[in-house]
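One structure is given below, encoded as structure tokens.
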Amino acid sequence: MTEKLSVKNLYKIFGDDPDQALSLLREGRSKDEILEQTGMTVGVQDAEFSVGEGEIFVVMGLSGSGKSTLVRMLNRLIEPTAGEVRIDGEDIASVGSEELRRIRLEKISMVFQHFALFPHKTVCENVEYGLKVQGVSAEERRERALAALDQVGLKAWADRPPAALSGGMQQRVGLARGLAVDPQVLLMDEPFSALDPLIRREMQQELIELQRRLKMTIVFITHDLHEALILGDHIAIMKEGRFVQIGTAEQIVGEPAHDYVAAFTQDIDRSRVFAAERVMREPEALDLGTDTPAAALERMDAVGRDALYVLEAGKPVGVVTRRELAGPEGARCASLSEGLVRDFPSVGPDTKLYQLYAPCRSGLPVAVLDGGRLLGTVEQEDIFDQLAVEEAAGEADRQPAETGAPAVA
Ligand SMILES: Nc1ncnc2c1ncn2[C@@H]1O[C@H](COP(=O)(O)OP(=O)(O)O)[C@@H](O)[C@H]1O
Ligand SMILES: [Mg+2]
Numbered sequence: 147m148t149e150k151l152s153v154k155n156l157y158k159i160f161g162d163d164p165d166q167a168l169s170l171l172r173e174g175r176s177k178d179e180i181l182e183q184t185g186m187t188v189g190v191q192d193a194e195f196s197v198g199e200g201e202i203f204v205v206m207g208l209s210g211s212g213k214s215t216l217v218r219m220l221n222r223l224i225e226p227t228a229g230e231v232r233i234d235g236e237d238i239a240s241v242g243s244e245e246l247r248r249i250r251l252e253k254i255s256m257v258f259q260h261f262a263l264f265p266h267k268t269v270c271e272n273v274e275y276g277l278k279v280q281g282v283s284a285e286e287r288r289e290r291a292l293a294a295l296d297q298v299g300l301k302a303w304a305d306r307p308p309a310a311l312s313g314g315m316q317q318r319v320g321l322a323r324g325l326a327v328d329p330q331v332l333l334m335d336e337p338f339s340a341l342d343p344l345i346r347r348e349m350q351q352e353l354i355e356l357q358r359r360l361k362m363t364i365v366f367i368t369h370d371l372h373e374a375l376i377l378g379d380h381i382a383i384m385k386e387g388r389f390v391q392i393g394t395a396e397q398i399v400g401e402p403a404h405d406y407v408a409a410f411t412q413d414i415d416r417s418r419v420f421a422a423e424r425v426m427r428e429p430e431a432l433d434l435g436t437d438t439p440a441a442a443l444e445r446m447d448a449v450g451r452d453a454l455y456v457l458e459a460g461k462p463v464g465v466v467t468r469r470e471l472a473g474p475e476g477a478r479c480a481s482l483s484e485g486l487v488r489d490f491p492s493v494g495p496d497t498k499l500y501q502l503y504a505p506c507r508s509g510l511p512v513a514v515l516d517g518g519r520l521l522g523t524v525e526q527e528d529i530f531d532q533l534a535v536e537e538a539a540g541e542a543d544r545q546p547a548e549t550g551a552p553a554v555a
């Protein structure tokens, strides 16, 4: 994947002698110690990450952990104290003001939690705002604003005043304003935090679909772990200005690198985070052309299963079960194809565990397919085993977490 955005050794100190605070940090002093000793606040310390083109990178942390400071340094609404921010390899942190202006116009756009719509302008004029700043002609502005409104399902409202819209719809206008400038990188600072839970869900789904269509690179800030897990291709957990872990949703939940992360994730529904790939077993598949029913039954005994998939020219064509092959009263099938069930349940490797319950109900192992190739199989007990293991691990994590990490609301 092409790297779109990368950040290295990025720091923000609020105060009048940042260099002093930086050297104290490097000596290993904490944010609290530095505040006490110097009165300066460590906003962000030593952030490092990269975001691939078309990825959603989520930064999640409690209030005050440094999320807004971080995201505002990415377009230099806040000047970094030290470090680099590269977009397409170009260091934003060191360019001159003209260059910075160009980058902001062409590459990067931001959507805020509380953004103000101009009450006396129409919805469409509000969306046109960023384009107007760019000096785009009136005609093109309207055209692009309407297209952006269409993307968020509000085209019909274009000529109404913002007051005619509900809170959720107004937030969509904010999103449309961000989209209208057609940014390569979209920064979103808690854009959905003020919305009701149901509307928020809708907006999350909408953002996922938009992103799939438009292939934008997004840095998304949230204090809500659920939101982070739903949206993030990669997720960074932030605490006291620092990243404590960066990983996929599965890694954050499945292999928390820190008690703090474990404490956050312990109540997450793992069946919505973990995918088929994580629980599947080896296929142990048979070959339709060469394997006999006797060989199949032998293999079932050897691997302790009651059903196995059958391949023809490397592709799964069905599944045979012990019962079917053995036949009634020992009248064993004459060939594998005689006992073959051709209508078998299948899923993709990214299918979440909760979506596997239904296909598992057939009683047959579920085939995990990738482009027609059999990667593995999943049975109901594999899912329960995995969730039970996680449950036990969660219990074990709980003790150290209770002393270290704050409670999560
Ligand atoms: N302009 C500022 N001056 C001094 N301290 C600030 C300023 N902005 C933010 N901070 C401090 O920096 C830390 C991170 O704040 P912020 O980035 O707003 O966190 P978040 O967005 O995660 O809630 C906090 O301790 C906050 O008080
Ligand atoms: Mg914030």
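Residue numbers 147 to 555, in our numbering, belong to the letters of the sequence shown in order.
Where a beta carbon is used, it is the ideal one built from N, C-alpha and C, also for glycine.
Treat the numbers as computed from the prediction; the structure is a model and nothing was measured.
Asked                                                                                                                                     : Found
Cβ-Cβ separation, residue 382 to residue 367 (assumed contact under 8 angstroms), whole Å                                                 : Rounded, the Cβ-Cβ distance is 10 angstroms, inconsistent with contact.
Beta-carbon proximity check, residue 197 vs residue 151, cutoff 7 angstroms                                                               : yes
Residue interval of the alpha helix (DSSP H) (run including residue 215)                                                                  : 213-220
Residue 213: CB within 6 angstroms of a non-hydrogen atom of ligand 1                                                                     : yes
Residue 547 (DSSP reduced to helix, strand or coil)                                                                                       : With a pLDDT of 42 at residue 547, under the threshold of 50, the modelled position of that residue is not reliable, and the figure given next carries that caveat. In this structure, residue 547 counts as helix in the three-state DSSP scheme.
Beta-carbon separation (whole angstroms), residue 565 vs residue 205, contact threshold 8 angstroms                                       : Residue 565 lies beyond the stretch modelled for the chain, which goes from 147 to 555, so this question has no answer here.
Reduced DSSP category for residue 169 - H, G, I as helix; E, B as strand; rest coil                                                       : helix
From 507, 406 and 308, residue whose alpha carbon lies closest to that of residue 267                                                     : 308
Environment of residue 547 [buried if 16+ CB atoms lie within 10 Å]                                                                       : Confidence in residue 547 is poor, its pLDDT being 42 and thus under 50, which makes the residue's placement unreliable; the coordinate value appears in the next sentence. So residue 547 counts as buried.
For residue 498: DSSP bridge partner residues                                                                                             : 421
Beta bridge counterpart(s) of residue 380 as assigned by DSSP                                                                             : 203
Cβ-heavy atom distance, residue 229 to ligand 1, below 6 angstroms                                                                        : no
Cβ-heavy atom distance, residue 209 to ligand 1, below 6 angstroms                                                                        : yes
Short Cβ contact (7 angstroms threshold) for residue 486 with residue 466                                                                 : yes
Proximal residues to residue 523 (C-beta, below 7 angstroms), its chain only, five neighbours per side dropped                            : 426, 427, 429, 455, 511, 512, 513 and 514
Which of helix, strand or coil DSSP assigns to residue 153                                                                                : strand
Continuous beta strand (DSSP E) stretch holding residue 514: start and end                                                                : 512-516
Start and end residues, alpha helix (DSSP H) containing residue 296                                                                       : 284-297
Rounded separation between residue 102 and residue 189 - CA only                                                                          : Here the chain covers residues 147 to 555 and nothing more, so residue 102 does not appear.
Residue 344 to residue 474 span [Cα, whole Å]                                                                                             : 54 angstroms
Residue range of the beta strand (DSSP E) that includes residue 403                                                                       : Premise fails: residue 403 is in no beta strand (DSSP E) and is neither H nor E.
Same chain only: Cβ atoms within 7 angstroms of residue 325, ignoring 5 sequence neighbours per side                                      : 294 and 297
CA nearest to the CA of residue 327, picked from 290, 357 and 356                                                                         : 290
Which residues DSSP lists as bridging residue 228, in chain order                                                                         : 157
First through last residue of the beta strand (DSSP E) which encompasses residue 414                                                      : Premise fails: residue 414 is in no beta strand (DSSP E) and is neither H nor E.
Cβ shell of residue 257 (< 8 angstroms), same chain only, five flanking positions each side left out                                      : 320, 321, 323, 324, 332, 333, 334, 335 and 337
Residue 255 classed as buried or exposed, judged by whether at least 16 other C-beta atoms fall within 10 angstroms                       : buried
At least three beta-carbon pairs within less than 8 angstroms, the stretch 478-492 to the stretch 409-426                                 : no
Beta-carbon spacing of residue 202, residue 400 below 7 angstroms                                                                         : no
Chain-order list of residues whose beta-carbon lies under 6 angstroms from that of residue 330 (same chain, five-residue window excluded) : 253
Chain-order list of residues whose beta-carbon lies under 8 angstroms from that of residue 163 (same chain, five-residue window excluded) : 184 and 186
Other residues of its chain near residue 316: CB distance less than 8 angstroms, five sequence neighbours each side excluded              : 263 and 308
Length of the line joining the Cα atoms of residue 531 and residue 236                                                                    : 48 angstroms
Any C-beta of chain B under 7 angstroms from that of residue 533                                                                          : No chain B appears in this structure, which consists of one protein chain only.
Option in 178, 180 and 216 with minimal Cα separation from residue 195                                                                    : 216
Near ligand 1: residue 187 beta-carbon under 6 angstroms from a heavy atom                                                                : yes
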